[in-house]
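Colleague: Below are the structure tokens for one structure; questions will follow.
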Amino acid sequence: MPELDQLESRLDGLGEADFQRGLAVFRAKLKQADASYLNSCVHCGLCASSCHYHRMDPTLDNVPARKLELIASVFKRNFTTMGRLAPALVGARPLDREMAKAWVDAVFGRCSLCGRCSVNCTVGIALPKIFRAARAALGAMGLVPSDLQATVDNSLEHGNNMAMTRQDWVETVQWIEEELQMETGDPEAKLPLDKQGAKVLFTVNPREPKFFPLSLQASAKVFWAAREDWTMTADNGWDLTNYGLFNCNDEQAGRITQNLVDAMARLGCKTLVIGECGHGFAAARWEGPEWLRQNFPFEVKSILELMDDYVRDGRIRLDPARNPIPVTLHDPCNLVRHGGICEAQRRVLRQAVTTFTEMTPNREHNFCCGGGGGQLAMARYKSRRLQAGGMKAQQIKASGARIVVAPCHNCIDQLSELNKEYQLNVQIKTVAEMVADALVPNS
Amino acid sequence: MSPLHLGVLLALAWAILALGSMHRKAKAFGPASTFAKPAGDFRRGVRYAFTKGMAPWAKESVMLNLPSYGAGMVFHAGVITALGMLLLTLAGLRPAGLAMTLARLLTLAGAFAGAALLAKRLVNRELRGLSCPDDFVANLLCTAFALLAFAASFSAALAGAWLTEAILLLVYAPMGKIRHCFFFFTTRYHFGAFFGRRGTFPPGGSFHA
Numbered sequence: 094m095p096e097l098d099q100l101e102s103r104l105d106g107l108g109e110a111d112f113q114r115g116l117a118v119f120r121a122k123l124k125q126a127d128a129s130y131l132n133s134c135v136h137c138g139l140c141a142s143s144c145h146y147h148r149m150d151p152t153l154d155n156v157p158a159r160k161l162e163l164i165a166s167v168f169k170r171n172f173t174t175m176g177r178l179a180p181a182l183v184g185a186r187p188l189d190r191e192m193a194k195a196w197v198d199a200v201f202g203r204c205s206l207c208g209r210c211s212v213n214c215t216v217g218i219a220l221p222k223i224f225r226a227a228r229a230a231l232g233a234m235g236l237v238p239s240d241l242q243a244t245v246d247n248s249l250e251h252g253n254n255m256a257m258t259r260q261d262w263v264e265t266v267q268w269i270e271e272e273l274q275m276e277t278g279d280p281e282a283k284l285p286l287d288k289q290g291a292k293v294l295f296t297v298n299p300r301e302p303k304f305f306p307l308s309l310q311a312s313a314k315v316f317w318a319a320r321e322d323w324t325m326t327a328d329n330g331w332d333l334t335n336y337g338l339f340n341c342n343d344e345q346a347g348r349i350t351q352n353l354v355d356a357m358a359r360l361g362c363k364t365l366v367i368g369e370c371g372h373g374f375a376a377a378r379w380e381g382p383e384w385l386r387q388n389f390p391f392e393v394k395s396i397l398e399l400m401d402d403y404v405r406d407g408r409i410r411l412d413p414a415r416n417p418i419p420v421t422l423h424d425p426c427n428l429v430r431h432g433g434i435c436e437a438q439r440r441v442l443r444q445a446v447t448t449f450t451e452m453t454p455n456r457e458h459n460f461c462c463g464g465g466g467g468q469l470a471m472a473r474y475k476s477r478r479l480q481a482g483g484m485k486a487q488q489i490k491a492s493g494a495r496i497v498v499a500p501c502h503n504c505i506d507q508l509s510e511l512n513k514e515y516q517l518n519v520q521i522k523t524v525a526e527m528v529a530d531a532l533v534p535n536s
Numbered sequence: 268m269s270p271l272h273l274g275v276l277l278a279l280a281w282a283i284l285a286l287g288s289m290h291r292k293a294k295a296f297g298p299a300s301t302f303a304k305p306a307g308d309f310r311r312g313v314r315y316a317f318t319k320g321m322a323p324w325a326k327e328s329v330m331l332n333l334p335s336y337g338a339g340m341v342f343h344a345g346v347i348t349a350l351g352m353l354l355l356t357l358a359g360l361r362p363a364g365l366a367m368t369l370a371r372l373l374t375l376a377g378a379f380a381g382a383a384l385l386a387k388r389l390v391n392r393e394l395r396g397l398s399c400p401d402d403f404v405a406n407l408l409c410t411a412f413a414l415l416a417f418a419a420s421f422s423a424a425l426a427g428a429w430l431t432e433a434i435l436l437l438v439y440a441p442m443g444k445i446r447h448c449f450f451f452f453t454t455r456y457h458f459g460a461f462f463g464r465r466g467t468f469p470p471g472g473s474f475h476a
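Top to bottom, those sequences are chains P and U. Under this note's numbering, the first residue of the first sequence is numbered 94, with each subsequent residue one higher. Under this note's numbering, the first residue of the second sequence is numbered 268, with each subsequent residue one higher.
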């Protein structure tokens, strides 16, 4: 049965108990800040122009305040006095089948949780936090799109979201190690696996071993040049992705994060380094400790911060002349706006390329590529995703760059599709790939 | 004290108590956990949210909609001025000279801006779709409040109408979206704290070329 029909039949089968369960999860996810947000929207509508969905398809359903209102109406109906006494006056509505359907469309189908509306809201409402609560409620009602849930299930069952076997992973690492040794001419260039007591545990997106081994090789080359004491793990804990951030099931997200925590404990590493992945960074750095309700006994860093340290400390030397093609930088929402990693990648790139042009807008104002929020895993919304990505395509075209650097593998997937859809004719690379190309071997 | 003055005081007390109760209810949802080590100082984020982050040029959405934003600001200035005049009236005072001229200017401009925003809400299909009856009631009450404050400053005969309108406004304030007069500040605080803790605020980005 096609995914669309499956969801329709799940909606048709919803009963009162499902709605009550959804409401209970929704209530449990809300904190005092969220309650404040839900009491604050004045329906000014100015947020519309901040949303890439609305910019490319200016309809009411794409206005962030509209998406928020669908959720706020249920909040009012169930958790406010006026919502109970005068629902028509304040726009309070029950969570019923029709509303559940509207929620699915709004929070899964028309939002990448990028948070651009938050920084543009005249009041300051962090809309994605509310949308996450709604996604969690829908999950409790069995309404997470099945392909998105399948990605989470892969991680839970196989320890990585692409269901790679241990053998495939280990053999790929060994093969990349041989490639690295050939590239560097150094038989001691390694991609260490399960090195006990290594300082750094490096984690990757499964897309790298599966489809983009050169990306992993580039990171390894940087570690090699910096003489880093690093390792990866052969067992669970090598995959940095966590689509629990997108289905918003905290229990499942916590179990996936636990793989990383266990690997750190198993190997006795000091720093967990997240490869170039926006949501993976946000999940491990920011949400993971909250899901597991613990202070991590180790440091969590993005590889961007590590490379920035290497350049600053002179552990690697870069020759920008080796990257003469004009470069622009995409700011992944979960890494920059929600992650706080704004400048490290810029400092590194300025050392690694000859011509670096900022996109307009940039940093926390940058547009989402359209692939965030689990959109890449939800086939049913593909046409909307590509349309919404038009804003990013316009930014890239306007930059005049021929290489788009994107420190996020999900973004790279989306940008690759945009490259074809909008005939951008650009190369798309990671920061590590640019750095690896610019490396000047230390004497 | 006239019955209308007393009515305004009671309505004001109701508004404060009801908003306080709503604040307590919101707080009962509990704080978000903060196990992750901060990357920035939440206080700097809060400071930014209430200062530079409020500037029109800090938000692309505002720069793209300057007339609406400007109307909103004037509307708010008019209503706040009218509230100030109300408090002075309750205290038996009346602004004079330049202060009165300024108050009249602001309340009149505020009333016009409110009416313009109401018209926009009625005419603009997208904005109308976003709206519920509360949006119209809230605007009408505030617009009328500012307009009557202006009118009553010229004619004592209109003071009764203005004070009655003030009672309606204050009674309604916690019930509908006017409650953002309080929740704006808590939301702004949480917004600044969230992005400050993550090191995103104060920002360095730009939406300008």
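All C-beta atoms, glycine included, are put in the ideal place defined by N, C-alpha and C. Everything numeric in this text was worked out from a predicted model, so none of it was measured.
Do you know offhand how far Leu231/P's Cα is from Gln113/P's?
Modeller: Stepping through the first sequence from its first residue, residue 231/P is reached at position 138. Stepping through the first sequence from its first residue, residue 113/P is reached at position 20. Taking the straight line joining both Cα atoms gives about 11 Å.
Colleague: With the cut-off set at 8 Å, would you say Leu161/P and Tyr336/U are in Cβ contact?
Modeller: Numbered from 1 along the first sequence, position 68 holds the residue referred to as residue 161/P. Numbered from 1 along the second sequence, position 69 holds the residue referred to as residue 336/U. Not a contact, by the Cβ cut-off of 8 Å.
Colleague: Would you call the CB atoms of Gly307/U and Gly459/U closer than 8 Å?
Modeller: Numbered from its first residue, the second sequence carries residue 307/U at position 40. Numbered from its first residue, the second sequence carries residue 459/U at position 192. No, Cβ-Cβ distance for Gly307/U and Gly459/U is not below 8 Å.
Colleague: Tell me which residues of the segment 368-382 of chain P have at least one Cβ-Cβ distance to chain U shorter than 8 Å, keeping chain order.
Modeller: Residues passing the 8 Å Cβ filter: Arg378, Trp379, Glu380, Gly381 and Pro382.
Colleague: Keeping to the same chain, check which residues put their C-beta closer than 7 Å to that of Arg443/P; ignore five residues upstream and five downstream.
Modeller: Here residue 443/P is taken as the residue at index 350 of the first sequence, counted from 1. Correct list, in chain order: Phe449.
Colleague: Can you look up Phe309/U in the DSSP assignment and give me helix, strand or coil?
Modeller: Numbered from its first residue, the second sequence carries residue 309/U at position 42. Helix, per DSSP.
Colleague: Between the Cα of Val315/P and those of Tyr403/P, Lys394/P, Ala491/P and Gly482/P, spot the shortest distance and give me the residue it belongs to.
Modeller: On the first sequence, residue 315/P is found 222 positions in, with the first residue counted as 1. It is Tyr403/P.
Colleague: Would you call the segment 252-259 of chain P in contact with the segment 361-371 of chain P, where contact means no fewer than 3 C-beta pairs closer than 8 Å?
Modeller: In short, these stretches do not touch, since the Cβ pair count stays below three.
Colleague: Using a 10 Å radius around the Cβ and a threshold of 16 neighbouring Cβ atoms, would you call Leu284/P buried or exposed?
Modeller: Walking along the first sequence from the start, residue 284/P turns up at place 191. Buried, because 16 or more other Cβ atoms sit within 10 Å of the Cβ of Leu284/P.
Colleague: Mind checking Lys513/P: buried by the 16 CB within 10 Å criterion, or exposed?
Modeller: The count along the first sequence starts at 1 and reaches residue 513/P at position 420. It is exposed - the Cβ of Lys513/P has fewer than 16 other Cβ atoms within 10 Å.
Colleague: Helix, strand or coil, according to DSSP, for Trp262/P in the structure here?
Modeller: Residue 262/P sits at position 169 when you count from the first residue of the first sequence. Helix, per DSSP.
Colleague: Using the DSSP secondary-structure output, state which residues sit across from Trp384/P in a beta bridge.
Modeller: Numbered from 1 along the first sequence, position 291 holds the residue referred to as residue 384/P. None; Trp384/P has no bridge partner.
Colleague: Whose C-alpha, out of Cys214/P, Cys137/P and Val297/P, is nearest the C-alpha of Phe403/U?
Modeller: Along the second sequence, read from residue 1 onward, the residue named residue 403/U stands at position 136. With distances taken between Cα atoms, Phe403/U lies closest to Cys137/P.
Colleague: So which of Leu354/U, Ala426/U, Thr453/U and Leu286/U has the shortest CA-CA distance to Val216/P?
Modeller: For the purposes of this step, residue 216/P is taken as residue 123 along the first sequence, with counting starting at 1. If we check each option's Cα against that of Val216/P, Thr453/U comes out closest.
Colleague: Could you run through the segment 96-124 of chain P and flag, in chain order, every residue whose CB is less than 7 Å away from some CB of chain U?
Modeller: Residues Leu123 and Lys124.
Colleague: Identify every residue that forms a DSSP beta bridge with Leu532/P.
Modeller: Along the first sequence, one-based indexing puts residue 532/P at 439. Paired residue(s): Leu411/P.
Colleague: Just mark Thr173/P as buried or exposed, buried being the case when its beta carbon has 16 or more other beta carbons within 10 Å.
Modeller: The residue you call residue 173/P lines up with position 80 of the first sequence. Buried, because 16 or more other Cβ atoms sit within 10 Å of the Cβ of Thr173/P.
Colleague: Grouping DSSP H, G and I as helix and E and B as strand, with all else coil, what is Ile396/P?
Modeller: By 1-based counting over the first sequence, the position of residue 396/P is 303. Helix, per DSSP.
Colleague: Straight-line CA distance for His475/U to His423/P?
Modeller: Residue numbering aside, residue 475/U sits at position 208 when the second sequence is read from its first letter. Residue numbering aside, residue 423/P sits at position 330 when the first sequence is read from its first letter. Because the pLDDT of His475/U is 47, which lies under 50, any placement of that residue in the model is unreliable, and the number read from its coordinates should be weighed accordingly. Those two C-alpha atoms are separated by around 16 Å.
Colleague: To the nearest angstrom, report how far apart Ser536/P and Thr265/P are at their CA atoms.
Modeller: In the first sequence, residue 536/P corresponds to position 443, counting from 1. In the first sequence, residue 265/P corresponds to position 172, counting from 1. Because the pLDDT at Ser536/P is just 48, under 50, the model does not fix this residue reliably, and the value given afterwards should be weighed accordingly. One C-alpha to the other measures close to 30 Å.
Colleague: Give every residue of the same chain whose Cβ lies closer than 7 Å to the Cβ of Pro238/P, excluding the five residues on either side of it in the sequence, and list them in chain order.
Modeller: Along the first sequence, read from residue 1 onward, the residue named residue 238/P stands at position 145. Closer than 7 Å at Cβ, skipping near neighbours: Glu96, Leu100, Phe201, Met471 and Arg473.
Colleague: For a contact defined as C-beta to C-beta under 8 Å, what are the partners of Ala426/U on chain P?
Modeller: The sequence position of residue 426/U within the second sequence is 159, counting from 1. None at all; the shortest Cβ gap to chain P is about 29 Å.
Colleague: Closest to Asp332/P by CA distance: which of Lys222/P, His372/P, Gly208/P and Gly467/P is it?
Modeller: Indexing the first sequence from 1 puts residue 332/P at position 239. If we check each option's Cα against that of Asp332/P, His372/P comes out closest.
Colleague: What is the DSSP secondary structure of Gln113/P, reduced to helix, strand or coil?
Modeller: Counted from its first residue, the first sequence places residue 113/P at position 20. Here Gln113/P sits in helix by DSSP.
Colleague: Taking just the CA atoms, how far does Ile283/U sit from Gly364/U?
Modeller: By 1-based counting over the second sequence, the position of residue 364/U is 97. By 1-based counting over the second sequence, the position of residue 283/U is 16. Cα to Cα, the separation comes out at about 31 Å.
Colleague: For chain U, find out if any of its Cβ atoms is closer than 8 Å to the Cβ of Gln488/P; answer yes or no.
Modeller: For this step, residue 488/P is matched to residue 395 along the first sequence. Chain U contact via Cβ: absent.
Colleague: Within a Cβ cutoff of 8 Å, which residues of the same chain sit near Arg170/P, ignoring the five residues on either side of it in sequence?
Modeller: Taking the first residue of the first sequence as 1, we reach residue 170/P at position 77. Closer than 8 Å at the Cβ level, and outside the excluded window around Arg170/P, lie Gly176, Arg177, Pro180, Ala185, Arg186, Pro187 and Leu188.
Colleague: Taking Gln260/P as the reference, which of Met234/P, Thr326/P, Gln480/P and Ala525/P has the closest Cα?
Modeller: Locating residue 260/P in the first sequence gives position 167, where the first residue counts as 1. With distances taken between Cα atoms, Gln260/P lies closest to Thr326/P.
Colleague: Considering only the alpha carbon of each residue, which of Gly337/P, Leu307/P, Lys490/P and Gly381/P lies closest to Ala243/P?
Modeller: Looking up residue 243/P in the first sequence gives position 150. With distances taken between Cα atoms, Ala243/P lies closest to Gly337/P.
Colleague: Determine, for Tyr336/U, whether the minimum Cβ-Cβ distance to residues of chain P falls below 8 Å.
Modeller: The residue given as residue 336/U occupies position 69 in the second sequence. Tyr336/U counts as touching chain P.
Colleague: Give me the chain P residues within the contact set of Pro298/U, using Cβ-Cβ distance strictly less than 9 Å, ordered along the chain.
Modeller: By one-based count along the second sequence, residue 298/U stands at place 31. Those are Lys124, Gln125 and Ala126, listed as they occur along chain P.
Colleague: Where do the ends of the alpha helix (DSSP H) carrying Leu350/U lie?
Modeller: Translated into the one-based positions of the second sequence, residue 350/U becomes position 83. Its alpha helix (DSSP H) spans residues Leu333 to Leu357.
Colleague: Answer yes or no: does any C-beta atom of chain P fall closer than 8 Å to that of Phe417/U?
Modeller: The residue given as residue 417/U occupies position 150 in the second sequence. So, not an interface residue.
Colleague: Can you list, in chain order, the residues of its chain whose CB lies under 6 Å from that of Asn427/P, leaving out five sequence neighbours each side?
Modeller: Within the first sequence, residue 427/P is the residue found at index 334, counting from 1. Contacts found: Gly371, His372 and Ala375.
Colleague: Which complete alpha helix (DSSP H) runs does the segment 242-321 of chain P hold, if anything under 4 residues is left out?
Modeller: List check, alpha helix (DSSP H) in window: 259-277, 300-303 and 306-319.
Colleague: Enumerate in chain order the residues of its own chain whose CB-to-CB distance from Asp106/P is below 8 Å, with the five nearest sequence positions on each side excluded.
Modeller: Stepping through the first sequence from its first residue, residue 106/P is reached at position 13. The residue asked about is misnamed: residue 106/P is Gly in this sequence, not Asp. Around Gly106/P: no qualifying Cβ.
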